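Chains as they are written, first to last, in full-length UniProt numbering: chain A, 1 to 206; chain B, 1 to 206.
Every residue gets a Cβ at the ideal spot worked out from N, C-alpha and C, and that includes glycine.
These numbers come from a predicted model, not from an experiment.
What follows is a short report on a single structure.
Number of protein chains: 2
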Amino acid sequence: MSIFSKLSFKDQAFKLREQAVLDATTKLLASKGFDLMTMDDVAGEAGISKPSLYKHFKSKEELATEVMIRLLDGALAFLEAQDGALSARARLAGLLEWALRVRLEGGLPFLPSSSPQVREMLTKSLRYVSRVYKLHKLLAGIVDAAKQAGELRADLPTDVLLYAYYSRTCDPAVDYMQLYGRYSTEQIVAHMLAMTFDGMAGSGQH
Amino acid sequence: MSIFSKLSFKDQAFKLREQAVLDATTKLLASKGFDLMTMDDVAGEAGISKPSLYKHFKSKEELATEVMIRLLDGALAFLEAQDGALSARARLAGLLEWALRVRLEGGLPFLPSSSPQVREMLTKSLRYVSRVYKLHKLLAGIVDAAKQAGELRADLPTDVLLYAYYSRTCDPAVDYMQLYGRYSTEQIVAHMLAMTFDGMAGSGQH
DNA sequence: AAAAAAAGCTACCAATTAGTAAAAGGTTGT
DNA sequence: ACAACCTTTTACTAATTGGTAGCTTTTTTT
Numbered sequence: 001m002s003i004f005s006k007l008s009f010k011d012q013a014f015k016l017r018e019q020a021v022l023d024a025t026t027k028l029l030a031s032k033g034f035d036l037m038t039m040d041d042v043a044g045e046a047g048i049s050k051p052s053l054y055k056h057f058k059s060k061e062e063l064a065t066e067v068m069i070r071l072l073d074g075a076l077a078f079l080e081a082q083d084g085a086l087s088a089r090a091r092l093a094g095l096l097e098w099a100l101r102v103r104l105e106g107g108l109p110f111l112p113s114s115s116p117q118v119r120e121m122l123t124k125s126l127r128y129v130s131r132v133y134k135l136h137k138l139l140a141g142i143v144d145a146a147k148q149a150g151e152l153r154a155d156l157p158t159d160v161l162l163y164a165y166y167s168r169t170c171d172p173a174v175d176y177m178q179l180y181g182r183y184s185t186e187q188i189v190a191h192m193l194a195m196t197f198d199g200m201a202g203s204g205q206h
Numbered sequence: 001m002s003i004f005s006k007l008s009f010k011d012q013a014f015k016l017r018e019q020a021v022l023d024a025t026t027k028l029l030a031s032k033g034f035d036l037m038t039m040d041d042v043a044g045e046a047g048i049s050k051p052s053l054y055k056h057f058k059s060k061e062e063l064a065t066e067v068m069i070r071l072l073d074g075a076l077a078f079l080e081a082q083d084g085a086l087s088a089r090a091r092l093a094g095l096l097e098w099a100l101r102v103r104l105e106g107g108l109p110f111l112p113s114s115s116p117q118v119r120e121m122l123t124k125s126l127r128y129v130s131r132v133y134k135l136h137k138l139l140a141g142i143v144d145a146a147k148q149a150g151e152l153r154a155d156l157p158t159d160v161l162l163y164a165y166y167s168r169t170c171d172p173a174v175d176y177m178q179l180y181g182r183y184s185t186e187q188i189v190a191h192m193l194a195m196t197f198d199g200m201a202g203s204g205q206h
């Protein structure tokens, strides 16, 4: 048991530090973006030294990719935990609301839309891509179901609807509302959902 | 007249080179973003040397700011040239379509939404800020008119509608449609307008 | 053709930053 | 107490990049 507990103890400590690093990176990526975030920033924010940081992740790219993977896993977990009795549209609204709340707490870096270089870096990771693919297929199914049920417009292709949906999670309008409009989290979420589903012309009474 | 023509001739050549630099910068900012664009890139793309580049703009920040100012002037000019008989909603749709087309041709960098640092840099320029303010006030007037006419929903604040409107010009959905969906410029513009005004739920018959 | 102005180029500086080596200091288990 | 291991610190390398100095070459003007 001595060896067992020793190993698991170390493992625990290691994992804890790793989570701290991922948390720090998530925060920094969300606030400064990939290019402006330095490994010294990460080490400082996580409370460890830079060489220790490199014991966990062997490059800045790997670290950022790992953060995005953890985020996707969060989204997938949220979807799986969702009440199966919900309507397709309610499920989409629920996930978007979740993402917006994560973001408003400073925890949603949107690397894939930031630059071609970063996008290329991410697509080189099989683990990342496979999660994106899984999430995309899941959501495509939900969108199709919503179209069938008349909850979403059927005159636009499913992928176009999905691209628009993804983009709402990193919509700069959120920043503007927070920064210049002084709206509360609740208001921002409500406004974003209203805009996403019913657009600027409105009219939807769901 | 000799002195006169000499001066104006130089001035002309100087302005021409300056436009070339601004064009090159616009293109590079749109493709690589501010952080990854180097002054060597700009000089190379514009076909002049780096020291010559610094004869025109005394820093990278000033150069980028100048590009954004030129862009805002373009938007303001478009608005002023618009047919005054158009409905408020048609004017908004027209400007958004113009911006999307500019962007799809590779000429719309969206610095203000890229990072807090870049945003701060821009807001330090009075010439930039005054144009943003002017455009914002103009568009707020149009949005209010559209609300009055029942063309836009009145249950959301004007600034929220405007933030959403601005955000559509730099919506990553455009990239996705172009990159993964292989849609044509016309289709992308049509889809973006549909999504902007009527949302994912649709229903608007305008 | 001569003179003057401008642009180009090479080379450089200073600062930043990803990533590493190696010694110094703690901590843990034996 | 001892020994193995891990973390930290310091210091470093190599590459990039914003910005500049100074000399050379071309072009333009007279």
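Neighbouring residues, chain B, relative to residue i (Cβ below 8 Å)
i             : result
residue 151/A : 201
residue 160/A : 173, 177, 181, 183, 191 and 195
residue 40/A  : Ordered by position in chain B, no residue passes the 8 Å Cβ test against residue 40/A, which lies about 17 Å from the chain.
Residue span of the alpha helix (DSSP H) that contains residue i, given as start and end
i             : result
residue 78/A  : 60-81
residue 124/A : No alpha helix (DSSP H) contains residue 124/A, which DSSP labels as neither H nor E.
residue 87/A  : That residue, residue 87/A, is in no alpha helix (DSSP H); it is neither H nor E in DSSP.
residue 44/A  : 39-46
residue 194/B : 185-198
residue 159/A : 158-169
residue 175/A : 172-179
residue 51/A  : 50-56
Distance between residue j and residue i (C-alpha atoms, nearest Å)
i             : j             : result
residue 6/B   : residue 25/A  : Residue confidence for residue 6/B is low, a pLDDT of 40 falling below 50, so the modelled location carries little weight and cannot support an answer.
residue 224/B : residue 65/B  : No answer is possible for residue 224/B: it lies beyond the span of chain B, which begins at 1 and ends at 206.
residue 101/A : residue 181/B : 29 Å
residue 126/B : residue 22/B  : 19 Å
residue 139/B : residue 52/A  : 52 Å
residue 16/B  : residue 56/B  : 11 Å
residue 30/B  : residue 107/B : 6 Å
residue 202/A : residue 179/B : 29 Å
residue 186/B : residue 192/B : 10 Å
residue 151/A : residue 172/A : 26 Å
residue 189/A : residue 49/B  : 49 Å
residue 195/A : residue 36/A  : 31 Å
residue 141/A : residue 90/A  : 14 Å
residue 44/B  : residue 103/A : 39 Å
residue 170/B : residue 96/B  : 10 Å
residue 105/A : residue 183/A : 14 Å
residue 3/B   : residue 38/A  : Summary for residue 3/B: the model assigns pLDDT 37, below 50, so the residue's position carries little reliability; its value from the coordinates is reported in the next sentence. Distance between the alpha carbons of residue 3/B and residue 38/A is about 54 Å.
residue 168/A : residue 14/B  : 43 Å
residue 158/A : residue 137/A : 11 Å
residue 83/A  : residue 54/A  : 41 Å
residue 1/A   : residue 145/A : For residue 1/A, the predicted structure reports a pLDDT of 38, less than 50, and the residue's modelled location is therefore unreliable. A value from the coordinates is still provided. Distance between the alpha carbons of residue 1/A and residue 145/A is about 53 Å.
Nearest to residue i (by Cα), restricted to the options the options
i             : options                       : result
residue 27/A  : 186/A, 91/A and 42/A          : 42/A
residue 161/B : 150/B, 176/B, 143/B and 173/B : 143/B
residue 81/A  : 104/A, 94/A, 173/A and 187/A  : 94/A
residue 123/B : 79/B, 16/B, 61/B and 32/B     : 61/B
residue 135/A : 38/A, 72/A and 49/A           : 72/A
residue 163/B : 132/B, 86/B and 128/B         : 132/B
residue 32/B  : 91/A, 116/A, 146/A and 174/A  : 116/A
residue 155/A : 84/B, 175/B, 199/B and 89/B   : 199/B
residue 47/A  : 176/A, 20/A, 83/A and 158/A   : 20/A
residue 176/B : 37/A, 119/A, 87/A and 14/A    : 119/A
residue 75/A  : 121/A, 146/A, 128/A and 85/A  : 128/A
residue 147/A : 36/A, 88/A and 39/A           : 88/A
residue 98/A  : 114/A, 39/A, 77/A and 59/A    : 77/A
residue 121/B : 44/B, 68/B and 39/B           : 68/B
residue 34/B  : 145/B, 166/B and 114/B        : 114/B
residue 149/A : 40/A, 86/A, 39/A and 63/A     : 86/A
residue 197/B : 145/B, 92/B and 84/B          : 92/B
Chain-ordered chain A contacts of residue i [CB-CB under 8 Å]
i             : result
residue 21/B  : Near residue 21/B there are no residues of chain A at all, since even the closest Cβ is about 22 Å away, more than 8 Å.
residue 178/B : Going along chain A, no residue has its Cβ under 8 Å from residue 178/B, so there is no contact; the nearest lies around 10 Å.
residue 133/B : Within 8 Å Cβ-Cβ: nothing; residue 133/B doesn't reach chain A, min ~12 Å.
Proximal chain A residues relative to residue i, where beta-carbon distance stays under 7 Å
i             : result
residue 196/B : 199 and 200
residue 164/B : 173, 195 and 200
residue 155/B : 202
Residues that residue i contacts on chain A, provided the C-beta gap is smaller than 9 Å
i             : result
residue 28/B  : In chain order: nothing, as chain A lies at least about 12 Å away.
residue 130/B : Correct list: empty, because the minimum Cβ distance to chain A is about 16 Å.
residue 104/B : Simply none; closest approach about 15 Å.
Contacts of residue i in chain B (Cβ-Cβ under 9 Å)
i            : result
residue 56/A : Under the 9 Å cutoff, chain B gives no residues; its nearest Cβ is about 25 Å from residue 56/A.
residue 32/A : 115, 116 and 117
Per-residue contacts from residue i into chain B (C-beta, under 7 Å)
i             : result
residue 117/A : 36
residue 167/A : 171, 172 and 173
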